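**Q**
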Amino acid sequence: MKRAISVGSLEGRGVIELENASLLNPSSFPKKDASFGEEDSPIDHEYRNFSQDVIKIKMLSSIKLVILSTKINLLLPFGPMAILVDKLFHSHGWVFLFSLLGIIPLAERLGYTTEQLAFFTGPAVGGLLYATFGNATELIISIHALKSGLVRLVQQSLLGSILSNLLLVLGSALFAGGLVFHKKEQLFNHADANVDFGLLLMAVMGLLFPAILHATQTESEYGTSQLSLSRFTSCIMLVAYASYVVFQLKIQKNLELSVHEDKNFNEDASNDAETPEISMWESMIWISILTGGISILSEYLVNTIEGASKQFQMPVSFLSVILLPAVGNAAEHVGSVMFAIKDKLDISLGVAVGSSIQISMFVIPFCVVVGWTIECPMDLNFKPFETTSLFMSVIIVAFMLQNGTSNYFKGIVLILCYLIVSASFFEHIDPMLVEDNPSTAGP
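Start counting the sequence shown at -14; every next residue gets the next number (my numbering).
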């Protein structure tokens, strides 16, 4: 049986030479156990050296693709700089800023390696993995904040991530795709969008009732009823999200079966099929390394946010809702825009809106459950101002996409809406933060 190895490559020539040598040289047969005192044959020694060279070449190639292939990795040195500044100068403002900049390339590369892993898992599982690891930054930051008892930081950063995905990321994608295809309107699956926004409205309902219950002072037990309702609602939301994932996987499986039945489609698709740039094991190793790096910098980020608020004279709510999500959504932002430019608007919507669904229906309820286990009073009472911002954003995006078409003007409207939200949070004073520490509430 012939091996599919390129003769022109270094590895191919080496393997062919070794195979020819093994066929012609009797000493290349399987050697006896080393306990008999026989030394390795020259061909065995050469094969081991060759294997080591192949591993080194593979490692260098992987590092070149993941670390050196994009200009955004020029921000990587800011991560070690944040740790160094914290150890030497204890400047919370600069540590926060450097940690923020250092997380950006790690989040973007995490999205890239997850996309590479999706080649080996299939489109359905791959899309779920992309959304999950795309939100890994927010989840890691939230868990570190919960351990420190910073419930409001968790609530505001997760809310900001939803707003960023719905308005900024989706708006940028619609705007970029509309500019490239300005002579026509881009189309997407209207039925899938309706299901997604129905789930987002369910998330808004889950956040709205605890806020209203507390604001109207109609709790049966003041201060504890909203927490009990939040924990019960979180369990319901997790069940709903699990059902949504199963539904999506089943729909995707049916679509794959119908595609396989269409031979002409398969022939055309095979010509345009993309191939992975790194192997499955390399993807998994890089995902572990990048997740660990994000976890380390997230701890510095959380520990210095209040000091950064004082030093930069910015409200903590603005840093939590606007700046932190901008870093966490780096992978989604780049991916969504690139898919829109390629006229793959369904995938672009799936990244932006799907990420919002996962945060609202999985990450937020999961944080409530985590807080429950570690005795941290994390609840779904995001306060009236924040909940209203989310409700209006969901309604605006749903109206913009109700007819199944998109253009650059709709993208501009969503981006401008995000600017209004950003300005509102810059002027907003969180009463909870004022009670705890008046100096960190605003400038």
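The beta carbon of each residue, even a glycine, is placed where N, CA and C say it ideally should be. On a predicted model such as this, the values are computed, not experimentally measured, just so you know.
(1) Who pairs with residue 390 in a beta bridge, going by DSSP?
(2) Which of helix, strand or coil does DSSP assign to residue 52?
(3) Given residue 389, which residues of its chain have a CB within under 8 Å of its CB, disregarding the five upstream and five downstream residues?
(4) In its own chain, which residues sit with a C-beta less than 8 Å from the C-beta of residue 106, not counting the 5 before and 5 after it?
(5) Spell out a yes or no on whether the region 280 to 296 and the region 368 to 381 are touching, meaning 3 or more CB-CB pairs, one atom from each, closer than 8 Å.
(6) Alpha carbons only, please: which of 56, 299, 139 and 50 is nearest the one belonging to residue 366?
(7) Rounded to whole angstroms, what's the CA-CA distance from residue 327 to residue 162? Just pull it up for me.
(8) Excluding the 5 residues preceding and the 5 following residue 9 in the sequence, name in chain order all residues of the same chain whose CB lies nearer than 8 Å to its CB.
(9) Relative to the alpha-carbon of residue 336, which residue among 185, 284 and 324 has its alpha-carbon at the smallest distance?
(10) Would residue 346 and residue 223 be called neighbours here (beta carbons separated by less than 9 Å)?
(11) Which residues in the same chain as residue 145 place their Cβ atom closer than 7 Å to its Cβ, once the five residues preceding and following it in sequence are excluded?
(12) Can you list, in chain order, the residues of its chain whose CB lies under 8 Å from that of residue 428, leaving out five sequence neighbours each side?
(13) Counting pairs of Cβ atoms below 8 Å between the region 266 to 274 and the region 55 to 62, do you hit three or more?
(14) So, with DSSP's three-state summary, where would you put residue 207?
(15) Between the C-alpha atoms of residue 188 and residue 350, what's the straight-line distance to the nearest angstrom?
(16) For a quick check, are the C-beta atoms of residue 468 and residue 399 less than 9 Å apart?
(17) According to the neighbour-count rule (16 or more other Cβ atoms, all chains shown, within 10 Å of its Cβ), is residue 394 buried or exposed?
(18) Could you tell me the distance, in whole angstroms, from the CA atom of residue 215 to the CA atom of residue 120?
(19) Among 117, 131 and 130, which residue has its Cα nearest to the Cα of residue 341?
(20) Which ranges would you report for the alpha helix (DSSP H) in the region 325 to 389 if only whole runs of at least 4 residues count?
(21) Can you give me the Cβ contacts of residue 267 inside the same chain, cut-off strictly under 6 Å, excluding the 5 residues immediately before and after it?
(22) Applying the criterion that 16 or more other CB atoms from any shown protein chain within 10 Å of the CB defines a buried residue, is residue 343 buried or exposed?
(23) Helix, strand or coil for residue 202 per DSSP?
(24) With distances taken Cα to Cα, identify the nearest neighbour of residue 67 among 415, 125 and 286.
(25) Is DSSP giving residue 104 helix, strand or coil here?
(26) How would you write the range of the alpha helix (DSSP H) that residue 71 sits in, first residue to last?
(27) When burial is assigned at 16 or more other CB atoms within 10 Å of the CB, is residue 313 buried or exposed?
(28) Once DSSP output is grouped into helix, strand and coil, what is the label at residue 261?
(29) In chain order, what residues of the same chain lie with their CB nearer than 8 Å to the CB of residue 260, ignoring the 5 residues before and after it?
(30) How far does the alpha helix (DSSP H) with residue 160 in it extend, from its first residue to its last?
(31) Alpha helix (DSSP H) containing residue 134: first to last residue?
(32) With 16 other CB atoms within 10 Å as the buried threshold, where does residue 158 fall?
(33) I need the straight-line Cα distance from residue 252 to residue 164, nearest angstrom please.
(34) Return helix, strand or coil for residue 21, following the three-state DSSP convention.
(35) What number of angstroms, rounded off, separates the C-alpha of residue 411 from the C-alpha of residue 303?
**A** To lay it out plainly:
(1) Residue pairing by DSSP places residue 390 opposite 172 in a beta bridge.
(2) It is coil, neither helix nor strand.
(3) 172, 173, 174, 175 and 178
(4) 114
(5) Look at the beta carbons and you see the region 280 to 296 not touching the region 368 to 381: under three pairs across the two are nearer than 8 Å.
(6) 139
(7) 8 Å
(8) Since pLDDT at residue 9 reaches only 40, below the 50 mark, its modelled position is unreliable, and the value read off the structure follows with that caveat. Around residue 9: no qualifying Cβ.
(9) 324
(10) yes
(11) Cβ neighbours of residue 145 beyond the five flanking positions: 305, 306, 307, 309 and 310.
(12) At residue 428, the pLDDT of 44 sits below 50, so the modelled position is not reliable and the matter cannot be decided from this model.
(13) no
(14) coil
(15) 10 Å
(16) Since the first residue of the chain shown is -14 and the last is 428, residue 468 is not available in this structure.
(17) The residue in question, residue 394, is exposed, as its Cβ has fewer than 16 Cβ neighbours within 10 Å.
(18) 22 Å
(19) In terms of CA proximity to residue 341, 117 leads the group 117, 131 and 130.
(20) 330 to 343, 349 to 358 and 368 to 385
(21) 47
(22) buried
(23) coil
(24) 286
(25) helix
(26) 63 to 73
(27) buried
(28) coil
(29) 104
(30) That run of the alpha helix (DSSP H) goes 155 to 165.
(31) Looking at the DSSP string, residue 134 is not in any alpha helix (DSSP H), and its letter there is neither H nor E.
(32) buried
(33) Confidence is the limiting factor: at residue 252 the pLDDT is only 44, short of 50, which leaves the residue's position unreliable, though a coordinate-based value still follows. Distance between the alpha carbons of residue 252 and residue 164 is about 31 Å.
(34) Its pLDDT being 44, under 50, residue 21 is placed unreliably in this model, and the value from its coordinates should be taken loosely. Reduced to three states, the DSSP call for residue 21 is helix.
(35) Residue 411 and residue 303: Cα-Cα distance of roughly 5 Å.
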